[in-house]
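Those protein sequences? They're chains A and B, same order as listed.
Residue numbers for the first sequence follow the working numbering, beginning at 1 and rising by one.
Residue numbers for the second sequence follow the working numbering, beginning at 1 and rising by one.
All residues carry an ideal CB built from backbone N, CA and C; glycine is no exception.
Below is one structure, written out as structure tokens, with a few remarks after it.
Number of protein chains: 2
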Amino acid sequence: MTSTGERLPGGELTIGELAARSGLATSALRYYEQLELISSERTAGGQRRYHRAMLRRLAFVRAAQRVGLSLDEAREALARLPENHAPKAADWAPVARTWQRRIDAQIAELELLRRKLSGCIGCGCLSLKKCGLYNPDDSAADLGTGARYLLGDEPPTKEGAFRRP
Amino acid sequence: MTSTGERLPGGELTIGELAARSGLATSALRYYEQLELISSERTAGGQRRYHRAMLRRLAFVRAAQRVGLSLDEAREALARLPENHAPKAADWAPVARTWQRRIDAQIAELELLRRKLSGCIGCGCLSLKKCGLYNPDDSAADLGTGARYLLGDEPPTKEGAFRRP
DNA sequence: CTGCAACTTCAAGTGGACTTGAAGTCAAGC
DNA sequence: GCTTGACTTCAAGTCCACTTGAAGTTGCAG
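Here is the structure:
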């Protein structure tokens, strides 16, 4: 039994099969079930049998994680989607829109950091008050200005007087 | 004593001041010092006094975290920069370039996810074989369990809860 | 029917990045 | 010199998402 192929009648999956198909460890699946992210039926002997719809739920959870949600938040989001059938566009659209906004925000943040790093390549600073990286909460766009300190132009705040610890 | 203002002569900072200026908790600073991310001198009475250059190191560490590095990796990266003075362009450029590549990869991943979500708005699926979200093995699903809050964007519960098995 | 991989439960462990608590000491303003 | 807030250490705790281990059971091929 390779556990990868689906061979149960009725299209149900053992935990090993679900693991193989979802890319998650069996331990993770049991953990998810405990958290009620997925559910199963049991055989007479007590073994889990998963409906194929669980693959969809797992895909959802994985996507949720990538968007930055915790498993708890994923569970909440799942609760708003239909349990037994594939979500319809009407179910899905609001969730997807919310997630896209989060993704956009994340991308924007990364792009800001990227720009700051570019600036810092130019200035080699990390010591200047104006340096985006240095300044924790600047959020104010200092984007273009970075190239000012091009040639190791030393900062006004005399930093030179210090010796190492 | 508000602990925010700098008032020691010689420009040294108490741990409270460094905390206020860096935005980190004092406990985090002690922890960082333990990890040798920063260093201090001590007063006769045993209290820490931080050189202002530590602000620069902390800025670096914060940036490193946002790029997705662990504190250990941040320490390694720090080790390649000059300790006592602001890094020059030659010191900084290779680091910044490496980080930019990482950022680019992260942005690319997010953009892929975003596209997939767009597709799913259209199809309302999550159940179809062709659905990008559904299909698990499209590689590099690293953001999921990896560097999730590298954007500093709203950690799920308390400030600064990072994770990763 | 046997053998064995795959399954079961439950408790405890892991790892990263901190935080919290207890019990005590330091520094500075009055 | 007293008071008080800021500091000290060290051990232990927390959070999340799992993983590991032990000890036992199930299910299917041969």
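Please identify the residue among the options whose C-alpha is closest to the C-alpha of residue i.
i: Asp91 of chain A; options: A:Gly68, A:Arg30, A:Leu78, A:Leu112; result: A:Leu78
i: Ala25 of chain A; options: A:Arg42, A:Leu58, A:Glu41; result: A:Leu58
i: Ala20 of chain B; options: B:Gln65, B:Thr43, B:Met54; result: B:Met54
i: Leu110 of chain A; options: B:Gln100, B:Arg114, B:Gly11, B:Leu117; result: B:Gln100
i: Arg56 of chain A; options: A:Leu37, A:Ala93, A:Leu112; result: A:Leu37
Answer yes or no: does any C-beta atom of chain B fall closer than 7 angstroms to that of residue i?
i: Arg49 of chain A; result: no
i: Arg66 of chain A; result: yes
i: Ile15 of chain A; result: no
Please classify residue i as buried or exposed, where buried requires at least 16 neighbouring CB atoms within 10 angstroms.
i: Pro82 of chain A; result: exposed
i: Tyr32 of chain A; result: buried
i: Gly46 of chain B; result: exposed
i: Ala108 of chain B; result: exposed
i: Ala89 of chain A; result: exposed
i: Leu35 of chain B; result: exposed
i: Glu76 of chain B; result: exposed
i: Glu17 of chain B; result: buried
i: Ser27 of chain B; result: exposed
i: Ala63 of chain B; result: buried
i: Ile15 of chain A; result: buried
i: Glu41 of chain A; result: exposed
i: Pro87 of chain A; result: buried
At a CB-CB cut-off below 8 angstroms, which residues of chain A make contact with residue i?
i: Arg114 of chain B; result: Gln100, Ile103, Asp104, Ile107
i: Ala74 of chain B; result: Residues of chain A passing the Cβ test: none, with the nearest at roughly 13 angstroms.
Which residues in chain A sit within 7 angstroms of residue i, going by Cβ to Cβ distance?
i: Ala44 of chain B; result: What Ala44 of chain B touches in chain A: nothing, since even the nearest Cβ is about 17 angstroms away.
i: Ala28 of chain B; result: Within 7 angstroms Cβ-Cβ: nothing; Ala28 of chain B doesn't reach chain A, min ~14 angstroms.
If the cut is a Cβ gap below 9 angstroms, which residues of chain A does residue i touch?
i: Ala25 of chain B; result: Correct list: empty, because the minimum Cβ distance to chain A is about 14 angstroms.
i: Ala79 of chain B; result: Going along chain A, no residue has its Cβ under 9 angstroms from Ala79 of chain B, so there is no contact; the nearest lies around 14 angstroms.
Run down chain B in chain order and give the residues with a C-beta less than 9 angstroms from the C-beta of residue i.
i: Ala19 of chain A; result: The premise fails here: Ala19 of chain A is roughly 11 angstroms from chain B at the closest Cβ pair, so nothing lies under 9 angstroms.
Looking at the structure shown, is residue i part of a helix, part of a strand, or coil, going by DSSP?
i: Glu12 of chain A; result: coil
i: Glu36 of chain A; result: coil
i: Arg42 of chain A; result: strand
i: Arg49 of chain B; result: strand
i: Ser70 of chain B; result: coil
i: Ala25 of chain B; result: coil
i: Pro94 of chain B; result: helix
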